[in-house]
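To start, the structure under review is shown below, and the notes come after it.
In our numbering, the protein residues as written are 790 to 995.
The structure is reproduced here in structure tokens:
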């Protein structure tokens, strides 16, 4: 199961943050998120779905903020369409009429990638919100989506997923991607979580 339809009050809170520049607390986002996730967990249980998710309600897009939180990445604010593989279905949805890409949705490795536990918090935050809606005996049924390690690389033309100052080639790049994913999994998932069923790497194009 992927992203579910966001409730309107959640969309409204995010709009306030994005368009008015208010803080998440001022927009009431923490309370709205918690209630929305509790409601969607209940719906999944009522439908008999065993592996429950957050509906990905804490994410603006299904891939979330994990890559933004890696040390060394940068979210491009002025990304020209020429750096992308324009046949990639996901890229098509991001291209604006002036052939620029929506700000913040384009992440590259500007420096060597590494993991910082203090920065990489979004997956654990999401997990804890789902936990709060379930008895502890059912925590092992929680499913968390983690975007495929190749997600951003396959969006870009050859050599554009990373700065030349960071990596010389794909082999170097993916060695570090593998390392940060390994650490991220260990830090994001608590001991009770069975990786064989609790973690899904998502690539909707496969």
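All C-beta atoms, glycine included, are put in the ideal place defined by N, C-alpha and C.
Given the structure is predicted, the values throughout are model-derived calculations rather than measurements.
Checklist entry - Where does residue 870 fall in DSSP's three states? => result helix
Checklist entry - According to DSSP, which residues form a beta bridge with residue 951? => result Looking at the DSSP assignment, residue 951 forms a beta bridge with 898.
Checklist entry - From the DSSP output, which residues share a beta bridge with residue 864? => result 896
Checklist entry - Once you ignore the five residues that flank residue 827 on each side, which residues in its own chain have a CB closer than 6 Å to its CB? => result 922, listed in sequence order.
Item to check | Residues bridged to residue 903 (per DSSP) | outcome: Note: residue 903 sits in a beta bridge opposite 860.
Checklist entry - Is residue 955 close to chain C, meaning its C-beta is less than 7 Å from at least one C-beta of that chain? => result Going by chain labels, chain C is absent from the structure shown, which holds only one protein chain.
Next on the checklist: Taking a contact to mean a Cβ-Cβ separation below 7 Å, would you say residue 792 touches residue 854 in this structure?
Outcome noted: no
Checklist entry - Taking the alpha helix (DSSP H) that residue 999 falls in, what are its first and last residues? => result With the chain covering 790 to 995 only, the question about residue 999 has no answer from this structure.
Checklist entry - Excluding sequence positions up to five away, which residues of its chain have a Cβ less than 8 Å from the Cβ of residue 839? => result 930
Checklist entry - What does residue 945 pair with, by DSSP beta-bridge criteria? => result DSSP output for residue 945 lists 873 as bridge partner(s).
Checklist entry - Excluding five sequence neighbours on each side, which residues of the same chain lie with their C-beta closer than 6 Å to the C-beta of residue 807? => result none
Item to check | Closest by C-alpha distance to residue 996, when choosing among 822, 881, 895 and 820 | outcome: Not covered by the structure: residue 996. The range shown for the chain is 790 to 995.
Checklist entry - Where does the unbroken alpha helix (DSSP H) through residue 845 begin, and where does it stop? => result Going by DSSP, residue 845 is part of no alpha helix (DSSP H) at all; its letter is neither H nor E.
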